[in-house]
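J.: Sequential numbering of the sequence shown, starting at 2, is according to this note's numbering.
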Amino acid sequence: MSCKCQVFQKAVDTVRILAADGVQKANSGHPGMPMGCADFAFTLWSRFMRFDPEQPEWLGRDRFVLSAGHGSMLIYSLLHLFGCGLEMEDLKQFRQWGSKCPGHPEYGHTKGVEVTTGPLASGLASAVGMAIGMKQFQARIGADAALFNQKVYVISGDGCIMEGTSHEACAIAGHLQLDNLVLFYDDNSITIEGATDIAHSEDVGARFTAYGWNVIHIDGHDIEQISGALHVARKTSGKPTIIIGKTVIGKGSPKLAGSADCHGAPLGADEVAATKKALGFDPEQSFVVPADVRELCNKLIAEKKAAAAEWNQRFAAFKATLNSEKLALLDALLTRKVPANILQELLKAVPAKDTATRNSGGEIMQKAAALVPALCGGSADLNPSTKTYLKGAGDFGPADWAGRNIHYGVRELGMGMISNGLALCGSAIPFSATFMVFSDYMKPALRLAALQGLHEIYVFTHDSIFVGEDGPTHQPIEQLAMLRSIPGLTTIRPAEANETAHAWAAALQAKGPVALCLTRQNLQNLPADIVSKRMDVAKGAYVVSCEKDFEIILIASGSELQVIMGAAEILRGKGKKVRVVSMPSWELFDKQSAEYKESVLPSACKKRISVEAGSTFGWQRYVGSCGLALGIDHFGASAPAGLLAKEYGFTAEAVAEHAMAYLS
Numbered sequence: 002m003s004c005k006c007q008v009f010q011k012a013v014d015t016v017r018i019l020a021a022d023g024v025q026k027a028n029s030g031h032p033g034m035p036m037g038c039a040d041f042a043f044t045l046w047s048r049f050m051r052f053d054p055e056q057p058e059w060l061g062r063d064r065f066v067l068s069a070g071h072g073s074m075l076i077y078s079l080l081h082l083f084g085c086g087l088e089m090e091d092l093k094q095f096r097q098w099g100s101k102c103p104g105h106p107e108y109g110h111t112k113g114v115e116v117t118t119g120p121l122a123s124g125l126a127s128a129v130g131m132a133i134g135m136k137q138f139q140a141r142i143g144a145d146a147a148l149f150n151q152k153v154y155v156i157s158g159d160g161c162i163m164e165g166t167s168h169e170a171c172a173i174a175g176h177l178q179l180d181n182l183v184l185f186y187d188d189n190s191i192t193i194e195g196a197t198d199i200a201h202s203e204d205v206g207a208r209f210t211a212y213g214w215n216v217i218h219i220d221g222h223d224i225e226q227i228s229g230a231l232h233v234a235r236k237t238s239g240k241p242t243i244i245i246g247k248t249v250i251g252k253g254s255p256k257l258a259g260s261a262d263c264h265g266a267p268l269g270a271d272e273v274a275a276t277k278k279a280l281g282f283d284p285e286q287s288f289v290v291p292a293d294v295r296e297l298c299n300k301l302i303a304e305k306k307a308a309a310a311e312w313n314q315r316f317a318a319f320k321a322t323l324n325s326e327k328l329a330l331l332d333a334l335l336t337r338k339v340p341a342n343i344l345q346e347l348l349k350a351v352p353a354k355d356t357a358t359r360n361s362g363g364e365i366m367q368k369a370a371a372l373v374p375a376l377c378g379g380s381a382d383l384n385p386s387t388k389t390y391l392k393g394a395g396d397f398g399p400a401d402w403a404g405r406n407i408h409y410g411v412r413e414l415g416m417g418m419i420s421n422g423l424a425l426c427g428s429a430i431p432f433s434a435t436f437m438v439f440s441d442y443m444k445p446a447l448r449l450a451a452l453q454g455l456h457e458i459y460v461f462t463h464d465s466i467f468v469g470e471d472g473p474t475h476q477p478i479e480q481l482a483m484l485r486s487i488p489g490l491t492t493i494r495p496a497e498a499n500e501t502a503h504a505w506a507a508a509l510q511a512k513g514p515v516a517l518c519l520t521r522q523n524l525q526n527l528p529a530d531i532v533s534k535r536m537d538v539a540k541g542a543y544v545v546s547c548e549k550d551f552e553i554i555l556i557a558s559g560s561e562l563q564v565i566m567g568a569a570e571i572l573r574g575k576g577k578k579v580r581v582v583s584m585p586s587w588e589l590f591d592k593q594s595a596e597y598k599e600s601v602l603p604s605a606c607k608k609r610i611s612v613e614a615g616s617t618f619g620w621q622r623y624v625g626s627c628g629l630a631l632g633i634d635h636f637g638a639s640a641p642a643g644l645l646a647k648e649y650g651f652t653a654e655a656v657a658e659h660a661m662a663y664l665s
């Protein structure tokens, strides 16, 4: 072996040792995967990946996604070796309070981490979204493929390949011919319970061939085979590539290599020492990078910086060729620009006639798309029902990479994860749409979007039992409570078309993910004076009507606002003084000042009733211990919506009757 090759192999083994040291010191973690993937990962980072160590968000970079996020010491070791901001002291603090190296990689927490991973296959599916976003951005600004030919590189393990998310996302990646996506499958044949053959026996290569992928089989520890496969992947056109690398988990460990015992536990002090000795390292030293390895990495860092500087010059030259319209588009995409007067503009698109909020939302969305170039997305085969197809914006795919509509097919979870990747790409405000009851399929993606603070918009239509005849399988009950329970996710359930415009404006101006919950059934528009003088969806709740010295507050979201408005009129006819409050968003209301919240829900008024066609879970926060929450805490039934309203008490008369009994 030549001296150069010896140093390269030592660098690979340094990654193995750093991973073992980090997990051992933390007495927690997963050493096996990073030790088994070190050959591929270091080869990729050193010979193929384009990045600027000093600018982790450099526009010209390739993306690296560690979908097998439990092996996080792999990416932390690489970030350290390549000068991306992690010091050796950071590696020593792996999995500790306040560390830059948490147990699983976290976007926004550690520089150089492109996406939060841990739930298996979520990173792989998000990488598909990144690949879509990169293709779309290049096409929309009209950049040459030689300038924007970046790749998304992913490392996944057996668990990722088994997860249903990978099936959904990889199928659509093949269908869309995303040749800027390269997946390394760490095929080590080991899971937590033992050998993979106890639960997994499919031919993964045949599966991906069926998806339309380019499939390459290699020895995952042979540097030249790895390099050859990556060269082929870089040149492959019209197909994403999967490199199936046969590896040994925990490679380098004399006793535990190839065993499930090194998957999720430290090797042990004696075995770490034995591993170091076997690989030619000093068993008495920990967290050490040999001088010749450091020299190699510094040389590679300098080369990558120089390549980034050269690319920046080419990008500047490209920008100089753009006309004012294209420059404005480039800026709007990179900044994800939303006009300051977005609410005023969206209100112009509100239909005059009474209609379902899914319909008014669809019309408002067309206006939003014209004003916000970064807005793009699709539905899970439900555009005609969710009204979320962007007219005249094109369909994303090989025939039109600039298309802003994405046809996800019936793949809700894949859609959610792909949407996360689009948001992470940096040039899109993605939306995804389905029936609200199927938000359950998307829960892991919603949670990760909220955890990462991603600016995404979810359009969940058919938001209550008033779906009607489709019956309880399609009637949301507990979904609103589920959405509201996710930290960082803002849920808005508008009551009519004007509130829907307000909701869309709030969603476009948000800093994180927003779920819009819209109706199938028609709703009456509020009177013009309420719209112009009182409506304030951005604050989460506002007073619709009120008498002096009111004795009861009626609160509702969405379609039930018109129910309590009718109930209020009945109560007033009986001499009762009533305040009516529209509360489209708990989260937005909770962010308001104590003074504002008191102005809407005065603490002196203990008599409060909430009305919502869903689970009553959580409403006690707003009606108080003396209040009454009217909802539906059981599944619905197949029947016309009007009949369901009568049977389940969602009529003005029924609510007024409850209120009279409550006040007596």
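For every residue, glycine included, the Cβ atom is placed at its ideal position computed from N, Cα and C.
Helix, strand or coil for residue 56 per DSSP?
T.: Three-state DSSP puts residue 56 in a strand.
J.: First and last residue of the beta strand (DSSP E) that includes residue 431?
T.: From DSSP, the beta strand (DSSP E) with residue 431 extends over 430–436.
J.: In whole angstroms, what is the alpha-carbon distance linking residue 105 and residue 210?
T.: Straight-line Cα distance between these residues: approximately 31 Å.
J.: Applying the 10 Å Cβ sphere with the 16-neighbour rule, what's the burial state of residue 123?
T.: Label assigned to residue 123: buried.
J.: Whose C-beta lies closer than 6 Å to the C-beta of residue 242 among residues of the same chain, with five residues either side of it excluded?
T.: The residues are 183, 215, 234.
J.: Buried or exposed: residue 34, going by 16 or more other Cβ atoms within 10 Å of its Cβ?
T.: Looking at its Cβ environment, which holds 16 or more other Cβ atoms inside 10 Å, residue 34 is buried.
J.: State yes or no: is the C-beta of residue 656 within less than 9 Å of the C-beta of residue 542?
T.: Contact: no.
J.: Below 8 Å on the Cβ atoms is my guess for residue 263 versus residue 445; work out the distance and round it to an integer in Å.
T.: Rounded, the Cβ-Cβ distance is 27 Å, inconsistent with contact.
J.: Using CA coordinates, which residue listed in 276, 103, 400, 226 is at the minimum distance from residue 16?
T.: Nearest of 276, 103, 400, 226 to residue 16, Cα basis: 276.
J.: Report the three-state DSSP secondary structure of residue 219 (helix, strand or coil).
T.: Reduced to three states, the DSSP call for residue 219 is strand.
J.: Taking DSSP as the reference, what is the three-state secondary structure of residue 283?
T.: Residue state, collapsed to three classes: coil.
J.: Report the residue from 88, 107, 46 whose alpha carbon sits nearest the alpha carbon of residue 73.
T.: If we check each option's Cα against that of residue 73, 107 comes out closest.
J.: For my contact list, residue 666 and residue 652 are in at a C-beta cut-off of 8 Å; report their separation, rounded to the angstrom.
T.: With the chain represented from 2 up to 665, any question about residue 666 goes unanswered, as that position is not in the structure.
J.: Under the rule that 16 or more other beta-carbon atoms within 10 Å means buried, what is residue 499, buried or exposed?
T.: Buried, because 16 or more other Cβ atoms sit within 10 Å of the Cβ of residue 499.
J.: Counting only runs of 4+ residues fully inside the segment 573–646, write out the alpha helix (DSSP H) ranges in chain order.
T.: Those alpha helix (DSSP H) runs which fall completely within the segment 573–646 and span 4+ residues are 587–591, 595–601, 621–624.
J.: What separation, rounded to the nearest whole angstrom, lies between the Cα atoms of residue 350 and residue 585?
T.: Rounded to the nearest angstrom, the two C-alpha atoms are 20 Å apart.
J.: Considering only C-alpha positions, which residue in the set 517, 602, 443 is nearest to residue 547?
T.: Nearest C-alpha to residue 547: 602.
J.: Please list the terminal residues of the continuous beta strand (DSSP E) segment that includes residue 45.
T.: Looking at the DSSP string, residue 45 is not in any beta strand (DSSP E), and its letter there is neither H nor E.
J.: Please report how far the alpha carbon of residue 529 lies from the alpha carbon of residue 345, in whole angstroms.
T.: Their Cα atoms are separated by approximately 15 Å.
J.: For residue 187 and residue 157, what's the separation of their Cα atoms in angstroms?
T.: Answer to the nearest angstrom: the Cα atoms are 6 Å apart.
J.: Counting only the same chain and skipping the five closest in sequence on each side, list residues whose C-beta sits under 8 Å from that of residue 257.
T.: The answer, listed in chain order, is 33, 251, 263, 268, 272.
J.: Return yes when at least one heavy atom of the ligand GDP lies under 8 Å from the C-beta of residue 397, else no.
T.: No copy of the ligand GDP appears in this structure; indeed no ligand is present at all.
J.: Let me know if residue 463 comes out buried or exposed under the rule of 16 or more other beta-carbons within 10 Å of its beta-carbon.
T.: Classification for residue 463: buried.
J.: Tell me the DSSP secondary structure of residue 543 in three-state form.
T.: Strand at residue 543.
J.: With distances taken Cα to Cα, identify the nearest neighbour of residue 443 among 386, 384, 474, 380.
T.: For residue 443, the nearest C-alpha among the options comes from 380.
J.: In the DSSP assignment, the alpha helix (DSSP H) including residue 521 goes from what residue to what residue?
T.: Taken as a continuous stretch (DSSP letters only), residue 521 belongs to no alpha helix (DSSP H), as it is neither H nor E.
J.: Give the secondary structure of residue 67 by DSSP, where H, G and I count as helix, E and B as strand, and everything else as coil.
T.: Residue 67: strand per DSSP, three-state reduction.
J.: Return the chain-ordered list of same chain residues with a C-beta closer than 7 Å to the C-beta of residue 274, the five sequence neighbours on each side being excluded.
T.: If we look at residue 274 and ignore the five residues flanking it on each side, its Cβ neighbours are 284.
J.: Taking just the CA atoms, how far does residue 333 sit from residue 370?
T.: Near 12 Å, if we compare the C-alpha coordinates of residue 333 and residue 370.
J.: Please state whether DSSP places residue 384 in a helix, a strand or coil.
T.: Residue 384: helix per DSSP, three-state reduction.
J.: So what's residue 555 in DSSP terms, helix, strand or just coil?
T.: In the structure shown, residue 555 sits in a strand (DSSP, three-state: E or B).
J.: Does DSSP put residue 138 in a helix, a strand or coil?
T.: In the structure shown, residue 138 sits in a helix (DSSP, three-state: H, G or I).
J.: Give every residue of the same chain whose Cβ lies closer than 6 Å to the Cβ of residue 624, excluding the five residues on either side of it in the sequence, and list them in chain order.
T.: Counting only Cβ-Cβ distances below 6 Å, and skipping sequence neighbours, we find 609, 611, 630.
J.: Quick test of the definition: if touching needs 3 or more C-beta pairs under 8 Å, does the segment 160–170 touch the segment 38–54?
T.: Contact between the segment 160–170 and the segment 38–54 is absent, because fewer than three Cβ pairs lie under 8 Å.
J.: Apart from the five residues on each side of it in sequence, which residues of its chain come closer than 8 Å, Cβ to Cβ, to residue 434?
T.: Same-chain partners within the cutoff: 378, 379, 380, 381, 383, 384, 387, 389, 459, 460, 461, 462.
J.: Are the CB atoms of residue 185 and residue 205 within a distance shorter than 9 Å?
T.: Not a contact, by the Cβ cut-off of 9 Å.
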